[in-house]
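Undergrad: Here the numbering used here is used: the first residue of the sequence shown is 59, the next is one more, and so on.
Cβ atoms here follow ideal geometry from the backbone N, Cα and C, with glycine treated the same way.
Only a predicted model underlies this, so the values are computations on that prediction, with no experimental measurement involved.
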Amino acid sequence: MKSNTFGWILLAPTIIVLFFFGVLPFLYVVYVSFHQWTPFAANPSMIYNGADNFRQIVFDGAFLASLGVTVAFVFFAVLTEVIVGYILAQAFMSDFPGKAVFRTIHTLPLIIAPIIFGSIWKLMTTPSIGIIPHLLQQSVGFDLNIGQSAAAAFIVTIIMDVWHWTPLVTLTLIAALVSLPPDPFEQAQIDGAGKWQIFWHITLPMIAPAVMATVFIRLMDALRIVDEVLMLTGGGPGSATRYIGVHIFREVFPRTNYGYGSAISVVVLYLTIVVCFLLYTGMLAPRKPGKG
59 MKSNTFGWIL LAPTIIVLFF FGVLPFLYVV YVSFHQWTPF AANPSMIYNG ADNFRQIVFD
119 GAFLASLGVT VAFVFFAVLT EVIVGYILAQ AFMSDFPGKA VFRTIHTLPL IIAPIIFGSI
179 WKLMTTPSIG IIPHLLQQSV GFDLNIGQSA AAAFIVTIIM DVWHWTPLVT LTLIAALVSL
239 PPDPFEQAQI DGAGKWQIFW HITLPMIAPA VMATVFIRLM DALRIVDEVL MLTGGGPGSA
299 TRYIGVHIFR EVFPRTNYGY GSAISVVVLY LTIVVCFLLY TGMLAPRKPG KG
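1) What is the rounded straight-line gap between the Cα of residue 107 and the Cα of residue 254?
2) Would you check if the distance between the CB atom of residue 299 and the CB atom of residue 310 is smaller than 8 Å?
3) Reducing DSSP to helix, strand and coil, say where residue 346 ends up.
4) Is residue 245 helix, strand or coil by DSSP?
5) Could you pull out every residue in the same chain whose Cβ sits closer than 7 Å to the Cβ of residue 208, ignoring the five residues on either side in sequence?
6) Can you tell me which of 84, 198, 336 puts its alpha carbon nearest to the alpha carbon of residue 274?
7) Give every residue of the same chain whose Cβ lies closer than 8 Å to the Cβ of residue 246, excluding the five residues on either side of it in the sequence, and list them in chain order.
8) In angstroms with no decimal places, state the Cα-to-Cα distance between residue 79 and residue 276.
9) What's the gap between the Cα of residue 196 and the Cα of residue 109?
10) Measure the alpha-carbon distance for residue 89 versus residue 312 and round it to whole angstroms.
11) Quick one: what's got a C-beta closer than 6 Å to residue 307's C-beta in the same chain, skipping five residues either side?
12) Residue 290 and residue 180 - do their beta-carbons sit closer together than 8 Å?
13) Pull the bridge partners of residue 93 from the DSSP assignment, please.
14) Just checking, does the segment 84-103 make contact with the segment 320-340 on the three C-beta pairs under 8 Å criterion?
15) Identify which residue in 135, 262, 229, 151 has its Cα closest to the Cα of residue 214.
16) Have a look at residue 205 and residue 211 and give me their C-alpha separation to the nearest angstrom.
17) Thinking residue 131 and residue 301 are a contact (beta carbons under 8 Å), I'd like their distance in whole angstroms, please.
18) For residue 101, I'd like the list of residues in its chain whose CB is within less than 8 Å of its CB, leaving aside the five on either flank, ordered along the chain.
19) Compare the C-alpha of residue 87 against each of 139, 182, 111 and name the closest.
20) Nearest to residue 217 by alpha carbon, out of 183, 334, 304?
21) Is it buried or exposed for residue 66, if we count other Cβ within 10 angstroms and need 16 for buried?
22) Report the rounded CA-to-CA distance for residue 116 versus residue 327, giving the unit in angstroms.
23) With burial defined as no fewer than 16 other Cβ atoms inside 10 Å of the residue's Cβ, what is the status of residue 62: buried or exposed?
24) Below 8 Å CB to CB, which residues in the same chain sit around residue 120 once its five sequence neighbours on both sides are set aside?
25) Give the DSSP-derived three-state secondary structure of residue 317 in the structure shown.
26) Short check: CB of residue 143 to CB of residue 231, under 8 Å?
27) Report the option in 173, 172, 171, 148 whose CA atom is closest to the CA atom of residue 161.
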């Protein structure tokens, strides 16, 4: 009993901070989502409108288009980060010249603020001064202009996100690979198993919890990407990179539609929880006897 009391005393500061900076803001957003509120309008007071904001979301073409673009962005970005991160993690498991230097350089993007990251990519992709359009023009004759090409802008935002967050995936998977016991791999090699069989039947099941935890973190981060995209493309051209986070930003700040923006935030949170739950039950749920 004393041990449990002491444990709660130690946890109390963290719980208090989470309550004031996590739970209370969430409850306030939920409250605002049931109101029509434009605080800088002629009538700045909140007007209760029930579920009208959520009803509007269903028929909002801009939101549905933003949701579709966001799903595509999250899928390609997170999938690429997991694949590239695993390859780099396996590479860092072996010794090679310059490993320490390369590993340090590889983790540098993690310490850069998102808004600065977007500014860097803006400079690198501007047609008149950017090094990337220059190299593409000189090497393959391709004119890169993310201000005119929707496909180019979408692909560049994915590459930017991959470059920014792949080091996090790599570090997580390195920790998972280092913790694996050597006995199953030695036994599999003795039994004549190939590299693909070892990966599929031993490595992947053993690092699955770490992979899923990484996917959850990156999924939630990618769904709320705002700073980098606003600096790089501003959500354009058109609505090609108007992801959910950018769409909410446009609703809340330029249009000062706080009630509707809050409703979108609640819906996005709900969709994120549902997707994470489906991923968890689909990939980590125990197999039924006789089917595996």
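TA: Here's the rundown:
1) Going by the C-alpha atoms only, they are around 57 Å apart.
2) Result no, Cβ atoms of residue 299 and residue 310 do not sit closer than 8 Å.
3) A caution first: residue 346 carries a pLDDT of 47, below 50, which makes its placement in the model unreliable, though a value can still be read off. Residue 346: coil per DSSP, three-state reduction.
4) Collapsing the DSSP output to three states places residue 245 in a helix.
5) Result list for residue 208: 295, 296, 298, in chain order.
6) Closest option to residue 274, judged by alpha-carbon separation, among 84, 198, 336: 336.
7) Taken in chain order, the residues that qualify are 255, 256, 259, 260.
8) Each residue's CA atom was taken as its position, placing residue 79 and residue 276 some 21 Å apart.
9) A direct Cα-to-Cα measurement between residue 196 and residue 109 gives close to 55 Å.
10) Between the alpha carbons of residue 89 and residue 312 lies a distance of about 21 Å.
11) Non-local beta-carbon contacts of residue 307 in its own chain, meaning distances under 6 Å to residues more than five positions away in sequence, involve 284 in chain order.
12) For residue 180 and residue 290, yes; Cβs fall inside 8 Å.
13) DSSP output for residue 93 lists 106 as bridge partner(s).
14) Between the segment 84-103 and the segment 320-340, the count of C-beta pairs closer than 8 Å reaches three or more; the two stretches touch.
15) Closest option to residue 214, Cα to Cα, is 135.
16) Near 7 Å, if we compare the C-alpha coordinates of residue 211 and residue 205.
17) Going by Cβ atoms, the distance from residue 131 to residue 301 rounds to 6 Å, so yes, they are a contact pair.
18) Same-chain partners within the cutoff: there are none.
19) Residue 87 has its Cα closest to that of 111, out of 139, 182, 111.
20) Residue 183 holds the alpha-carbon nearest to the alpha-carbon of residue 217 among 183, 334, 304.
21) With fewer than 16 other Cβ atoms within 10 Å, it is exposed.
22) Taking the straight line from one Cα to the other gives about 16 Å.
23) Exposed is the label assigned to residue 62, since fewer than 16 other Cβ atoms lie within 10 Å of its Cβ.
24) The beta carbon of residue 120 lies closer than 8 Å to those of 297, 300, 305 in the same chain, with the five residues before and after it left out.
25) Residue 317 carries a helical assignment under DSSP once its states are collapsed to helix, strand and coil.
26) Residue 143 places its beta carbon less than 8 Å from that of residue 231.
27) When 173, 172, 171, 148 are compared, the shortest CA-CA separation from residue 161 is found for 148.
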